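Student:
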Amino acid sequence: MDRSRREKQLRKAQEKQDKKASSKKSKPKKERSYAATGTSAPATRSAAKRETSRAISFMFFSSIILLVVFVIFEVLLLAYSGGWGDTETHLANMADNTLAFVIGLGAMDAVTYFSQVGRKKRNEMRAIIRHNRLLEPTIDMFTARKNVLITRPGEIVDQYRMKSDIPMEALADMYSPSGIASDAGMSKIDMYDFHMNKLYESFKRMVEDVDFSFYPDAAEAAMQFINATTYGSSSMASLKSYQDESQKVKRGALLKAILAEAQNPTPENPKPELMSVYILMQTIRSQEEALNMYLDAVADIVDPDKH
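Per this note's numbering, the sequence shown starts with residue 3, numbered consecutively.
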């Protein structure tokens, strides 16, 4: 008897465990069925739906309150005067109230619109200022390396010069170590490329984050820098590849071709081996123009007291 009772208890415990296991498996099974059909599992109401529901409820109860107030005034009118009043007076009051409602609604819409526009503009300004704080040191670092790259050997480098001529003979020294102490012996072309990509990523994040509804010039400047960097990326990769030891002979031939071209430039019909050099020069010019345009566009935002 004890053995049969114990077997029954074990059987019941096993059945309970099977039920729990089946209930746990049911939820993943449903999720797999939703995934197979390409739909998502029904979730709880989102915040937008809750807000919409609250707005509809508020509008409904507001209408009920106004209707109740109207009924109360009509009842008071009936109790005070013993009638509903003159029809013409009612119609005149309805017309005046409708006109007042339209004027009030228009004024409210205008105030709401200008308030939203002002708030949106302030938010955009804050976003630009926030991104510009990250961009300022990146622009300075890029400008310094760009000026090191395009300055002739032996000349003093103005690290903060934003725009200048680009002598081709200066690019014959692009594989030499950068003169900036923090670059730790890296070549000029490598450091220019490194900080150019940093600035490229910063501008890209800015364009993705800010709408630029009120400051389109800043967006245009950022996109000009992004496009110039993108179009010049292939030539940059080609020039950097000459630093490999296996390309030592080709690198020497390229540098000789650059010096010869500097004596007799032919930008309209350049030699094939100098195409990357001319593209690099055009990239630098476009980047300089973009940075000048950007700094002018955000000057009043980041430093309004200066103007």
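Virtual Cβ for every residue (Gly too), placed ideally from N, Cα, C. Here the structure is a predicted model, which means the values were calculated and not measured.
Does the Cβ of M238 have 16 or more other Cβ atoms within 10 Å, making it buried, or fewer, making it exposed?
Tutor: Buried, because 16 or more other Cβ atoms sit within 10 Å of the Cβ of M238.
Student: Between which two residues does the alpha helix (DSSP H) holding E2 run?
Tutor: Any answer about residue 2 is impossible in this case: the structure gives the chain only from 3 up to 309.
Student: Terminal residues of the continuous alpha helix (DSSP H) containing R287?
Tutor: Segment M277 to V304, the alpha helix (DSSP H) holding R287.
Student: Counting beta carbon pairs with one atom in the stretch 133-150 and one in the stretch 182-193, are three or more of them shorter than 8 Å?
Tutor: They touch, by the three-pair rule.
Student: Put P155 into one of helix, strand or coil per three-state DSSP.
Tutor: DSSP places P155 in coil when its eight states are reduced to three.
Student: Is it true that the CB of E126 sits closer than 9 Å to the CB of S59?
Tutor: No, they are not a contact pair.
Student: Can you list, in chain order, the residues of its chain whose CB lies under 7 Å from that of A299, leaving out five sequence neighbours each side?
Tutor: Cβ neighbours of A299 beyond the five flanking positions: Y217, D219, A220 and A223.
Student: Answer yes or no: do S180 and E290 have a C-beta to C-beta separation smaller than 9 Å?
Tutor: No; because the gap between Cβ atoms is not below 9 Å, this pair is not in contact.
Student: Please check if any C-beta of chain B sits within less than 9 Å of the C-beta of D185.
Tutor: Any reference to chain B falls outside this structure, which holds one protein chain only.
Student: Quick check: the Cα distance between V104 and I66, rounded to an integer number of angstroms?
Tutor: Spanning the two alpha carbons is a distance of roughly 20 Å.
Student: Roughly how far, in whole angstroms, is the beta-carbon of M164 from the beta-carbon of L293, given that I think they are within contact range, below 8 Å?
Tutor: Between L293 and M164 the Cβ distance is about 6 Å, and since that is below 8 Å, they are a contact.
Student: Should M110 go down as buried or exposed, given a rule of 16 or more other Cβ atoms within 10 Å for buried?
Tutor: Classification of M110: exposed, given that the 10 Å Cβ count is below 16.
Student: For the alpha helix (DSSP H) containing M188, name the first residue and the last one.
Tutor: That residue, M188, is in no alpha helix (DSSP H); it is neither H nor E in DSSP.
Student: The alpha helix (DSSP H) spanning R253 covers which residue range?
Tutor: Counting along the chain, the alpha helix (DSSP H) containing R253 begins and ends at K250 to Q265.
Student: Which two residues bound the contiguous alpha helix (DSSP H) that contains V70?
Tutor: Looking at the DSSP string, the run of the alpha helix (DSSP H) that includes V70 is A49 to S83.
Student: Which whole-angstrom value describes the C-beta separation of S240 and Q249, a residue pair presumed to lie in contact below a C-beta threshold of 8 Å?
Tutor: That belief does not hold up - the Cβ atoms of S240 and Q249 are roughly 10 Å apart, past 8 Å.
Student: Mapping the DSSP letters down to three states, classify P179 as helix, strand or coil.
Tutor: Here P179 sits in strand by DSSP.
Student: Quick one: which unbroken alpha helix (DSSP H) runs of 4-plus residues sit fully inside the stretch 186-237? Chain order, please.
Tutor: Within the stretch 186-237, the complete alpha helix (DSSP H) runs of at least 4 residues are 190-211 and 218-233.
Student: Out of curiosity, what's the CA-to-CA distance linking F205 and N229?
Tutor: Whole-angstrom Cα-Cα distance: 11 Å.
Student: State the start and end residues of the unbroken alpha helix (DSSP H) segment that holds E270.
Tutor: No alpha helix (DSSP H) contains E270, which DSSP labels as neither H nor E.
Student: From what residue to what residue does the alpha helix (DSSP H) around A172 run?
Tutor: Residues M170 to L173.
Student: Counting beta carbon pairs with one atom in the stretch 113-120 and one in the stretch 258-267, are three or more of them shorter than 8 Å?
Tutor: Short answer: they don't touch.
Student: Apart from the five residues just before and just after A45, which ones in its own chain have a Cβ nearer than 6 Å to its Cβ?
Tutor: With a pLDDT of only 48 at A45, under 50, the local geometry of the prediction cannot be trusted, and the value read off the model is given with reservation. Nothing meets the Cβ criterion.
Student: Which of the three DSSP states is assigned to K18 in this structure?
Tutor: Helix at K18.
Student: Helix, strand or coil for S243, going by three-state DSSP, please let me know.
Tutor: The answer is helix: DSSP assigns S243 an H, G or I state.
Student: Just how far apart, CA to CA, sit V2 and M225?
Tutor: It is not possible to answer for residue 2, since the shown part of the chain is limited to 3 through 309.
Student: CA-CA distance, E263 and V251?
Tutor: Rounded to whole angstroms, E263 to V251 spans 18 Å at the Cα level.
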